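Encoded as structure tokens, the structure appears first; notes follow it.
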Amino acid sequence: MTSGIAADEAPAILRAKRSSADTGLHHRDAVRLLFILALGSEADETVGDAGPVRIFRGEKRAMAIDFLVRYPDYLAHELLNRYEHERRPEQLAEVETIFAADEPDVRLVKMIRWHRGAFQNIETPLAILRFHGLVRALRKSGGQRRHDFVVEPAAFAFMDDAIRRQPALAWYRDRAALVMSLAGFRSGSSLKDDQYLHEEYRDAPLGTEIPSIRDRVLDRLKRLRGTP
0 MTSGIAADEA
10 PAILRAKRSS
20 ADTGLHHRDA
30 VRLLFILALG
40 SEADETVGDA
50 GPVRIFRGEK
60 RAMAIDFLVR
70 YPDYLAHELL
80 NRYEHERRPE
90 QLAEVETIFA
100 ADEPDVRLVK
110 MIRWHRGAFQ
120 NIETPLAILR
130 FHGLVRALRK
140 SGGQRRHDFV
150 VEPAAFAFMD
160 DAIRRQPALA
170 WYRDRAALVM
180 SLAGFRSGSS
190 LKDDQYLHEE
200 YRDAPLGTEI
210 PSIRDRVLDR
220 LKRLRGTP
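If you count by numbering that gives the first Met the number 0, then the sequence shown holds residues 0 to 227, one letter each, in order.
As structure tokens, this is what we get:
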């Protein structure tokens with residue numbers, strides 16, 4: 000099941016006249032990608048047209064973080080790992096909130112298993128963000144693309160305004176922030192190594208959707224809570 004925020008809830012600045020059903024999905028993906036790149040970025044000395052910019056480093060890292068936003072059950076598993084190390088009650092409560100809201104079903108947006116793990120072509124969502132002056136790919140001298148992204152200062156003002164206009168978008172901000180609290184600035188390869196530990200992820204045939212681990216994680220949560 001693919002859900003999350005409805006396509007019509009995407010801010011008007013990211014909506015265009017639709018020629019197909021996919022258009023709304025591209026704008027939903029653009030909103031999610033914007034929050035991930037912005038909240039996963041770091042300060043940079045570079046000065047753009049509108050002031051200092053921030054850099055999100057690594058397309059593979061973006062994919063690994065996006066996976067945890069799109070699969071709340073895998074995120075819940077990582078939160079339980081942290082809980083088992085730190086034993087902070089709020090960590091367990093965060094996982095309980097994910098399941099109480101039925102997020103592994105209603106927020107699930109599946110990704111395809113490909114050669115380097117979970118994959119989605121982000122060219123269209125990135126083009127939408129680039130068109131509106133929010134994010135752009137960073138290139139080396141000579142035009143060779145680097146797998147980094149410049150997050151323009153306008154992106155942060157845009158996100159604040161978007162949430163003010165449509166409060167439902169705060170879910171993306173809060174979820175990206177939660178994932179970043181786990182992922183930090185680890186490389187995409189490191190994050191994906193953790194994801195490969197799940198046989199459902201690792202053994203999914205190339206070109207197929209990565210399956211949910213909802214039931215397995217829910218059972219683990221119940222054991223940690225000491226409930227049947």
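Glycine included, every Cβ here is placed at the ideal spot set by N, Cα and C. Please read these numbers as outputs of a predicted model, since none were measured by experiment.
message: Check this for me: beta carbons of Pro152 and Pro51, under 9 Å apart or not?
response: Result yes, Cβ atoms of Pro152 and Pro51 sit closer than 9 Å.
Exposure label - Val105; buried when at least 16 CB within 10 Å: By the neighbour-count rule (16 or more Cβ atoms within 10 Å), Val105 is not buried but exposed.
message: Closer than 8 Å is the cut-off here; do at least three beta carbon pairs connect the stretch 87-105 with the stretch 181-200?
response: The answer is no - the stretch 181-200 does not touch the stretch 87-105, with fewer than three Cβ pairs under 8 Å.
query: How big is the Cα-Cα spacing for Arg112 and Glu208?
result: Whole-angstrom Cα-Cα distance: 6 Å.
task: Determine the extent of the beta strand (DSSP E) in which Ala156 is found, giving its start and end residues.
output: Run containing Ala156: none in the beta strand (DSSP E); it sits in the alpha helix (DSSP H), Pro152 to Arg164.
query: Per DSSP, Gly116 forms a beta bridge with which residues?
result: According to DSSP, Gly116 shares a beta bridge with Trp113.
query: Does the beta-carbon distance from Leu107 to Tyr70 come in below 9 Å?
result: It is a contact, given that the beta carbons lie within the stated cut-off.
Cβ neighbours of Val68 in the same chain (closer than 7 Å, five flanking residues each side left out): Closer than 7 Å at the Cβ level, and outside the excluded window around Val68, lie Arg31, Ile35, Arg174, Ala175 and Val178.
task: Compare the C-beta of Leu74 against all C-beta atoms of chain D and say whether one is closer than 9 Å.
output: Considering every chain present, this structure includes no chain D. It has just one protein chain.
message: By the three-class DSSP mapping on this structure, what secondary structure does Val216 have?
response: Val216: helix per DSSP, three-state reduction.
query: For the stretch 39-81, which segments carrying the alpha helix (DSSP H) assignment without a break, of at least 4 residues, lie completely within its bounds, in sequence order?
result: Taking 4 residues as the minimum length, the alpha helix (DSSP H) runs contained wholly in the stretch 39-81 are 58-69, in order along the chain.
message: Would Gly39 and Ala61 qualify as a contact pair, given that the criterion is a beta-carbon distance under 9 Å?
response: Cβ atoms of Gly39 and Ala61: closer than 9 Å.
field: Spatially closest choice to Phe55 from Arg213, Ile212, Leu137 and Arg164, by CA coordinates
entry: Ranking the options by Cα distance to Phe55, first place goes to Leu137.
Three-state secondary structure assigned by DSSP to Ala29: It is helical.
- prompt: What is the rounded straight-line gap between the Cα of Arg185 and the Cα of Arg172?
  reply: Between Arg185 and Arg172, the alpha-carbon positions lie close to 20 Å from each other.
field: N- and C-terminal bounds of the alpha helix (DSSP H) containing Tyr171
entry: Note, Tyr171: alpha helix (DSSP H), Ala169 to Ala182.
query: What's the call for Gly206, buried or exposed, on a 16-neighbour Cβ count within 10 Å?
result: By the 10 Å Cβ count, Gly206 comes out exposed.
- request: Please list, in chain order, all residues of the same chain as Ala169 whose beta carbon is under 6 Å from its beta carbon, the five residues on each side excluded.
  value: Once the five neighbours on either side are set aside, the close Cβ partners of Ala169 are Ile162.
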